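**Q** Residues -4 to 813 (the working numbering) are what the sequence shown spells out, left to right. Glycine is no exception: its CB is placed at the ideal position from the N, C-alpha and C atoms. Keep in mind it's a predicted model, so treat the numbers as computed, not measured.
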Amino acid sequence: MRKYTLIALAVLISTLASAQVSGFVKDQQGKGLAKTTVSLLRAKDSSVVKLSVTDNEGKFTIESALGQFLVSLSHVGYAPVYSNVFEVTGSGPVSVNSLTMIKSEGALQGVTVSSKKPMVEVKADKMILNVEGTINATGNDALELLRKSPGVMLDKDDNISLSGKNGVQIYIDGKPSPLSGADLTAFLKTLQSSQIEAIEIITNPSAKYDAAGNAGIINIRLKKNKAFGTNGSILAGYNIGARPKYNGGISLNHRNGKVNVFGNYNYNWNLNQNLFNLYREQLDTIFDQRSKMINKNISHGFKAGVDYSLNSKHTLGVVVSGNLSDGNMKSNSGTNIVYKPTGVKDRSLAANNSSTSSRDNVNFNLNYRFADTSGHELNLDADYGLYRIKSDQLQPNLYFDPSGGSLGGRIYNMIAPTDIDIYAFKADYEQNFAKGRLGLGTKLSYVKSKNDFSRYNVYTPSFKEYDSSRSNIFNYKENINAAYVNYNRPFKGFMIQFGVRMENTISEGHASGYKDPGSGFVTYDSTFKRNYVDFFPSAALTFNKNPMSQFSLTYSRRIDRPAYQDLNPFEFKLDDYTYQKGNTQLRPQYTNTFGITHTYKYRLNTTLNYSHVTDVFTQLVDTAEKSKAFISKQNLATQDIASLNISYPFQYKSYSAFGNFNGYYSHYAADFGGGTRKINLDVVAFNIYMQHSIKFGKTKAWTGEVSGWYNSPSIWGGTFKSKALWSVDGGVQKTIFKGKGNLKASVSDIFRTIKWKGTSNFAGQYLVASGNFESRQFKVNMTWRFGNMKVKAARQRKTGAEDESGRVGSQGGGGIGQ
């Protein structure tokens, strides 16, 4: 057996092809320029393939895979240089014409030459919003940065959609967040912009990525220190809206030829005010709720790790990261209850809730990378993540007559701890094959979630009684086994990429508690099991004969599985008139997407997409017991979306700008039975994003920025019609401490226009939801960098706990507006 295996391996290796790319770099006098950094870049997206340095005579040689490439040169004191695009076919070595570097104007010995990334980069498979260095990101959190990102929209509950589609998968450094709903919102609010380097919007992921995320993937890339020696940075910030907020952090790094030790810590103290209104007409009663919520949150984020290079081919690494947060919320809520035929107030409900919570997450990652000069690359990741979420809510429901006299009421105390453990192993392998690039991989993941919901009836401050009939335990286990194959190859004038991913999902949920059949309480057991296999093909065809005008055709199939908590069948009481319940019958939603993209002169990008979604997730506010509202997740029948996206970056001397337009048509259709339980909504909507930056002053040490966005009226979750939203931000920054520091000041939502509103009419219930938050804030932030700043490219890693991390559901009490 071993003999045949070795023969097969030898045959496979004999099919591999690669070639050497060589060239000569000279200065203006024609002399060879030694120690010049040479980067081999892929022509389709300018991603770095390999790095090299010229010898003492100015010559370089790089081992290259097959495909279309270009070479970039960088040298301190010289302007960057790019070669023309060339093709490596494997038929022989490739020689790049002699490249001449010209000294930067005014370059002096000892002067540090730095470059600034463009605000937005548009590549073949993604759009990159470079946060690091921009002004209007100062003092923001990750959620607010997403609100400003091109094509991204947030609804009234801060659910994220992209080009009109929900089901966006949020990644942090290549690893999806394990949270969804209210927990994801809370986590993103603890992640400060000072920690973020860039936001990547990946609309057409290949088979290498997990199949989750029907709208695509948004990857939040955190800052990485890429410098030799020992160095670090310190930051501090202050925001003020209606209430103050503080943030600070420190980053340390030590890197030499073999070892890179790194770590950072960030602290965030927030006090936020939110307003929420809900007007509801049901049968002959009007419920008019007005709420003011004060949220306090303290969070600690950390990351530490080490990379060790055994030699030029083998690297080992370990990373520990996490976020620990504590919060408390006080809600001053009043609901007037009116008899609709006469318009006379019958009574009022005061529900001044208070709650404390903690959300702790720690992740451990062990990784290994092998790469040689022949194009073989292997990445292994083993991950373990734990999430410990606790909430303790006191919910009084006190009634008063129209004159203010007490009618009594009830007080509840809900305690809901959640423990989630995620285990994952991932392997990705790539090699040159059949004049192209072949990728193979596998991933195994296991998730265990335990939710314990306990409700108490409170009679006095010192006495409360456990209510077994309203308490519940929900345990959930899920195992996903995946494998993929992906292949891409360049031809003369076009390139192809295709692949398929297989995912086997095995899940089991178990809910236990009590129910009241009319005569005493009896236990119940609601258990469900699922085992299914799906295939997710993806393909792309790029016509690049004319590099100045390129076309791409794409196709992909994707899935979104229900959040864990959305499967919990127990009823969570939000107040006396509002309930929330999970759905054990909630099915995954599937999306087929077709797209065509045109890129003109590497700048003007136009993309047309069509998506058909089946079993769309939506949050329905249904009716129960005549006057009560029932909130649950359901599957709509279908959703069809056609979208057009146009983006263009502009640069002239010290001025740069970026504009993005995203327009779409969306149609929702479903029939839940009954004349009033149908959904048939469509909308034509669009989103516009603009950002402008200009450098000024004698030394260009000052930079001013202004940005804005506009979202037209749209549809939230298939049932709510929303009104338009828009906002403008502005700011200024100055380079200080001889280029090693920055002082930034900005104002968000200058005109205070982020005030959302939506209406719904379903199952005989008319709803109007509206609200706002502290969107207008003055922010000031200072950063100081110290130590050695000689840059070396950092090793990128993607961990294994990816898709399953994105579906930890919001806990009980996270209904509309919360």
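Once you ignore the five residues that flank residue 474 on each side, which residues in its own chain have a CB closer than 6 angstroms to its CB?
**A** 441, 501
**Q** Going by C-alpha to C-alpha distance, which of 694, 27, 310 sits closest to residue 649?
**A** 694
**Q** Let me know if residue 646 comes out buried or exposed under the rule of 16 or more other beta-carbons within 10 Å of its beta-carbon.
**A** exposed
**Q** If you scan the stretch 374 to 420 from start to end, which runs of the beta strand (DSSP E) of 3 or more residues do you find wholly inside it?
**A** 401 to 410
**Q** Taking 8 angstroms as the cut-off, decide whether the C-beta atoms of residue 741 and residue 143 are in contact.
**A** no
**Q** Hey, is residue 368 close to the ligand SAH, as in C-beta under 7 angstroms from one of its heavy atoms?
**A** You won't find the ligand SAH in this model; it holds no ligand whatsoever.
**Q** Is there contact between the stretch 354 to 366 and the stretch 307 to 323, where contact requires at least three CB pairs shorter than 8 angstroms?
**A** yes
**Q** In or out: residue 163 buried (at least 16 other Cβ within 10 Å) or exposed?
**A** buried
**Q** Let me confirm a value: residue 171 is counted as buried when at least 16 other C-beta atoms fall within 10 Å, else exposed. Which label applies?
**A** buried
**Q** If we ignore side chains and look at the alpha-carbon of each, how far apart do residue 74 and residue 247 end up?
**A** 30 angstroms
**Q** The alpha helix (DSSP H) with residue 139 in it runs from where to where?
**A** 137 to 143
**Q** According to DSSP, is residue 182 helix, strand or coil?
**A** helix
**Q** What separation, rounded to the nearest whole angstrom, lies between the Cα atoms of residue 564 and residue 411?
**A** 15 angstroms
**Q** The beta strand (DSSP E) spanning residue 575 covers which residue range?
**A** 573 to 576
**Q** Could you tell me the alpha carbon to alpha carbon distance between residue 281 and residue 300, rounded to whole angstroms?
**A** Approximately 57 angstroms, taken between the alpha carbons.
**Q** Excluding five sequence neighbours on each side, which residues of the same chain lie with their C-beta closer than 8 angstroms to the C-beta of residue 15?
**A** Cβ neighbours of residue 15 beyond the five flanking positions: 56, 57, 58, 59, 88, 89.
**Q** Can residue 492 and residue 201 be called in contact, C-beta distance under 8 angstroms?
**A** yes
**Q** Going along the chain, which unbroken runs of the beta strand (DSSP E) with 3 or more residues stay wholly within the stretch 530 to 555?
**A** 544 to 555
**Q** Helix, strand or coil for residue 598 per DSSP?
**A** coil
**Q** Leaving aside the five residues before and after residue 707 along the sequence, list all residues of the same chain whose C-beta is less than 6 angstroms from its C-beta, in chain order.
**A** 680, 681, 719
**Q** Residue 465 by DSSP, collapsed to three states: which one?
**A** helix
**Q** Spatial neighbours of residue 127 within its chain, please: CB distance less than 6 angstroms, with the 5 preceding and 5 following residues excluded, ordered by chain position.
**A** So the qualifying residues of the chain are 192.
**Q** Along the chain, where does the beta strand (DSSP E) that runs through residue 783 open and close?
**A** Taken as a continuous stretch (DSSP letters only), residue 783 belongs to no beta strand (DSSP E), as it is neither H nor E.
**Q** For the beta strand (DSSP E) that residue 448 lies in, which residues bound it at each end?
**A** 431 to 455
**Q** Would you kindly work out how many angstroms separate the C-alpha atoms of residue 154 and residue 148, rounded to a whole number?
**A** 8 angstroms
**Q** Considering residue 239, what are the terminal residues of the beta strand (DSSP E) in which it resides?
**A** 239 to 250
**Q** The beta strand (DSSP E) with residue 74 in it runs from where to where?
**A** Unbroken run through residue 74: none, as it is neither H nor E.
**Q** For the stretch 521 to 538 against the stretch 460 to 468, are there 3 or more C-beta pairs whose distance is under 8 angstroms?
**A** no
**Q** How about residue 397 and residue 335: are their beta carbons less than 8 angstroms apart?
**A** no
**Q** May I ask which residues mark the beginning and end of the beta strand (DSSP E) holding residue 685?
**A** 673 to 691
**Q** Select from 428, 730, 182 the residue whose C-alpha is nearest the C-alpha of residue 692.
**A** 730
**Q** Just list the beta strand (DSSP E) runs in the stretch 741 to 777, keeping only unbroken ones of 3 residues or longer that don't cross its boundaries, in chain order.
**A** 750 to 757, 760 to 768
**Q** Taking DSSP's pairing of strands, which residues face residue 258 in a bridge?
**A** 247, 299
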